[in-house]
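Enquirer: Sharing a structure below in structure tokens format, with a few things to ask.
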Amino acid sequence: MEGFARAVEDGLKLSKRLVLPGGLPPPRPLAGMDRGVGVGGGGGGDASVAALLLPSAPMAYAVVTDPGAVDTPDVPSYQPYVYGRLDPPALIPLQMKEVDLSVDCALGEAAVTVRARWWLHCITRSRDCDVRIVVPMGDQGSILGAEVTVGRRSYNTQVIEVEDHTTENAAKADSGGLLKPQLFYLTISQIEGGADISATIRWSQKLHYDNGRFSVDIPFRFPYYVNPLPKVFMKREKIQMTVNSGFSKEVLLQGTSHPLKEKGRQGEKLSFRHEATVENWSSKDFNFSYSVYSGDLSGGVLVQPSTLRDYDDRDRFCIFLLPGGGNRKVFRKAVVFVIDTSGSMQGHPLENVKNAMSTALSELTEGDYFNIITFNDELHSFSSCLEKVNEKSIASALDWINLNFVAGGGTDIMHPLNEAMASLSSAHDVLPQIFLMTDGSVDDEHNICQTVKTELISRGSKSPRISTFGLGLYCNHYFLRMLASIGRGHYDAAFETGSIESQVLRWFRKASSTIVANISIDATAHLDEFEIDSEYIPDISAKSPLCISGKYQGKFPDMVTAKGYLADMREISIELKVQHIKDIPLDKVLAAQQIGLLTAKAWLSSDKQLERKVVKLSIQNSIPSEYTSMVLLQTLEKVDAAQKVKQKLKGHKGPDEPRRIPLQCLKLGFGDRAATRENLVTGFGDVKPLETFEILNKAAGCCSRLADCLCCMCCIKACNKMNDQCAIVMTQVCAAFACLGCYECCAELCSGSDS
């Protein structure tokens, strides 16, 4: 994202050319953006400045390739004309006129809708440019859709089958999609200066759960430079919030970042609202936390009839179990860490895993057992057997990690998994657990799943839990999800190097905090059909609610019993009330989870019927999948003859030629074995080649060496002379550098011309 931050930095410097209504100056660039200290300038504040320039709330940017088009739409500033082009373009943040945030929380999901309106305040009305809308989503965010309106043009996203080849073949690579995980964007082309851009973006994200408290965090920190002048625009901020626990339990508000007022309470559903005229847009993220009163393990069964649009004519159910606020004892455990140390893990990925491992080992308690296995082409073990957790063994393990976590070689997963399962066969009176971390994809993944499934079935209730963690984009995340489902464990992933350590620790703490194991549901005795989306029912963790979804036929009884075993091996029974609900759209709430699990099943079984189910579920809920694509569809408009001529001159398509633009990077894929074999290390969204910032100069009659060289001084020295045309081009380039704040470049050019 350094290239994005640099483009925003350039855009803020370009905005110095603006003279806003009332004669007020444009926004000042951020501190540390002076020459030599900005992004890519080599100063010590590069990372912090870049972080400040990345979007922390829904934003829109003017994509500027021609700096000469930068001016206020209504009152010309009469700045000197600038020749040349920007490649890559600068991004000027647009001022925002309106914003409306709506959040609906149900079970463990939050459905978020943001409506915003910006105006293209930095491009003169006689010119146009592209506008890029960028929306940061919260934890494990999944885009659900977007609509954009500009004048008489409107756009909306649509999910279609992959086989549908009506999309634009020559679509731009920057038309939209994910810039990085949880950062969605759309590019709308050719918007005239001064125009309004209205957008509605919808996504879903996971709720955090900690010590009985649910919370939602939504990026909502707007930088000061998107605030329009208060005398010109009245800023009205709206936030709406609803909470539906789904159970007949009291919901208690724990905290909120913004001044919400309770507007209604109906059964398990609460609604809150905030609406006010503000001087500046929100400068902090939106946070809301609440708890569902539960002294002990509790939950319920939510059922909903199928609809005509459903991919399956069976009815839908969701079993939701809360670990409760009681201090249930966590199972003692025997843990084997299986860590990928192949060549592709070198650098930051392996360093972050090493740091997370050190913390995880320190959180094991006396009574636990552990071992560590690293693998590439070879296998290395910390110990030949399970080690008791004590101060001495943990210290020895940390020393071993520092010596043996060295990246090199290929990737072989089956051998270390067999070794881990064999070492856990000797564990007694503890819960055996395997924690697998890898960044690669291997050829025998189907065989691994089948072999592990056979082994676990043979061991029965004493089989080890297998939790998996994927690093980057080259591993097969559906293989890892399937392996965790077979092993009644937990799956998670990190797609950015900066989030590896925190994500690994959250995954480890969730999987290692089991309070109820070997869960069974007695619903099958009362129903004609009962099918869950996962392979098996996972254990209940003290760190997370348990959500089991699936389909059924028949009639649920009024009460269902869930049974399991506590850490002291006593059996526990949990009575679950069956509720027929209307207020919670179960299909929408569970869609992302169901698509992930069904895709993993379809991958393993190569079942075309399952693939069709995923396609229908994906299209029905507007969530892209491996078998569907999300496109941006331009809605047809009625135009007269004069507008048709104007559109053709500007390159717009007419109403008989609707545009479907595919959006990028919304799929995980099924792993990249070629990249794994070659040990490529760029399987993370934040590891990309640095972009360059160039001003391309074109002038007729200029010598060929000057046209080929971006540094005029080099050309002058090479030619040992300067003609009139060279002087003209140098003046244009110098003006362009000056408007971007690069005064050193300008001075260098001037000194070169004197020579």
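All residue numbers in the sequence shown are consecutive under our numbering, ending with 741.
Positions of the beta carbon are idealized from the N, C-alpha and C atoms, including for glycine.
Within the same chain, show all residues whose beta-carbon is closer than 8 Å to that of Val264, passing over the 5 residues directly before and after it, in chain order.
Expert: Lys221, Arg222 and Glu223
Enquirer: List the endpoints of the continuous beta strand (DSSP E) containing Gly250.
Expert: Annotation for Gly250: the continuous beta strand (DSSP E) segment containing it runs Lys247 to Gln252.
Enquirer: Starting from Lys541, trace the alpha helix (DSSP H) in both directions and tell me its first and last residue.
Expert: It is not in any alpha helix (DSSP H) - Lys541 carries neither H nor E in the DSSP assignment.
Enquirer: Report the option in Ala55, Pro648 and Ile119 whose CA atom is closest to the CA atom of Thr135.
Expert: Among Ala55, Pro648 and Ile119, the Cα nearest to that of Thr135 is on Ile119.
Enquirer: Kindly indicate which three-state DSSP category Val673 falls into: helix, strand or coil?
Expert: Unreliable positioning characterises Val673 in this predicted model, as indicated by a pLDDT of 44, which lies under 50. The coordinate reading is nonetheless provided below. Note: Val673 maps to coil in three-state DSSP.
Enquirer: Which value, in whole angstroms, describes the spacing of the CA atoms of Cys712 and Lys(-1)?
Expert: For Cys712, the predicted model reports a pLDDT of 49, less than 50, meaning its position is unreliable; a value from the coordinates is still stated below. Cα to Cα, Cys712 sits roughly 26 Å from Lys(-1).
Enquirer: Sort out for me which residues DSSP pairs Gly655 with in a bridge.
Expert: Partner(s): none; Gly655 has no beta bridge.
Enquirer: In or out: Val617 buried (at least 16 other Cβ within 10 Å) or exposed?
Expert: Label assigned to Val617: buried.
Enquirer: What are the boundary residues of the alpha helix (DSSP H) that Asp385 is part of?
Expert: Glu377 to Asn390
Enquirer: Spell out whether any CB of chain D is found under 8 Å from the CB atom of Ala346.
Expert: In summary, chain D is missing from the structure at hand, where a single protein chain is found.
Enquirer: If you draw a straight line from the alpha carbon of Lys599 to that of Ser275, how long is it in whole angstroms?
Expert: 35 Å
Enquirer: Helix, strand or coil, according to DSSP, for Arg118 in the structure here?
Expert: Strand, per DSSP.
Enquirer: Within the same chain, show all residues whose beta-carbon is closer than 7 Å to that of Ser243, passing over the 5 residues directly before and after it, in chain order.
Expert: Here the set comprises Lys270, Asp271, Phe272 and Asn273.
Enquirer: May I have the straight-line CA-CA distance separating Val49 from Leu652, to the nearest angstrom?
Expert: Distance between the alpha carbons of Val49 and Leu652 is about 22 Å.
Enquirer: Compute the Euclidean distance between the alpha carbons of Asp544 and Leu603, then round it to the nearest angstrom.
Expert: 29 Å
Enquirer: Can you name the start and end residues of the beta strand (DSSP E) that Ser506 belongs to?
Expert: Thr500 to Ile507
Enquirer: Under a three-way DSSP split, which group does Phe306 fall into?
Expert: strand
Enquirer: On the DSSP letters alone, give me the boundaries of the beta strand (DSSP E) that Tyr276 sits inside.
Expert: Phe272 to Val278
Enquirer: Quick check: the stretch 383 to 396 against the stretch 312 to 329, are there 3 or more CB pairs under 8 Å?
Expert: yes
Enquirer: Assuming contact is defined by CB atoms lying nearer than 8 Å, are Thr483 and His334 in contact in what I supplied?
Expert: Inclusion of Thr483 and His334 in the CB contact set at 8 Å is warranted, their separation being smaller than that value.
Enquirer: In chain order, what residues of the same chain have a beta carbon less than 7 Å from the beta carbon of Val5, not counting five sequence neighbours either side?
Expert: Sequence-distant partners of Val5 (beyond 5 residues in either direction) whose C-beta falls short of 7 Å from its own C-beta, in its chain, are Thr58, Val61 and Ser63.
Enquirer: Work out the CA separation of Asn388 and Lys378 for me, nearest whole Å.
Expert: 16 Å
Enquirer: Can you give me the start and stop residues for the alpha helix (DSSP H) that Trp589 sits inside?
Expert: Leu572 to Ser591
Enquirer: Taking the DSSP output, what are the residues bridged to His366?
Expert: Thr360
Enquirer: Would you kindly check if the distance between the Cβ of Ala383 and the Cβ of Trp368 is under 8 Å?
Expert: As written in the sequence, residue 368 is Phe, which differs from the Trp given in the question. Yes.
Enquirer: When you compare the CB positions of Met227 and Gln168, do they come within less than 8 Å of one another, or not?
Expert: In this structure, Met227 lies away from Gln168, with their beta-carbon atoms at least 8 Å apart.
Enquirer: How many angstroms separate the CA atom of Arg445 from the CA atom of Glu337?
Expert: Spanning the two alpha carbons is a distance of roughly 35 Å.
Enquirer: Just to confirm before moving on: does the CB-CB distance between Val117 and Ile174 stay below 8 Å?
Expert: yes
Enquirer: Are the CB atoms of Val98 and Leu85 within a distance shorter than 8 Å?
Expert: Contrary to the premise, residue 85 reads as Val rather than Leu in this sequence. No. Outside cutoff.
Enquirer: Let me check one thing: in DSSP terms, what residues is Gln436 bridge-paired to?
Expert: Gln436 is not bridged to any residue.
Enquirer: Under the three-state reduction of DSSP, which class applies to Asp182: helix, strand or coil?
Expert: strand
Enquirer: Work out the CA separation of Ser499 and Asn313 for me, nearest whole Å.
Expert: 12 Å
Enquirer: Would Leu87 pass as a contact of Ala46 if the rule is Cβ separation under 8 Å?
Expert: no
Enquirer: So what's Tyr69 in DSSP terms, helix, strand or just coil?
Expert: coil
Enquirer: For the putative contact between Gly285 and Gln565, defined by C-beta atoms under 8 Å, what is the C-beta separation to the nearest angstrom?
Expert: Incorrect: roughly 11 Å between the Cβ atoms, too far for contact.
Enquirer: Between the beta-carbon of Glu515 and the beta-carbon of Gly540, is there less than 8 Å?
Expert: yes
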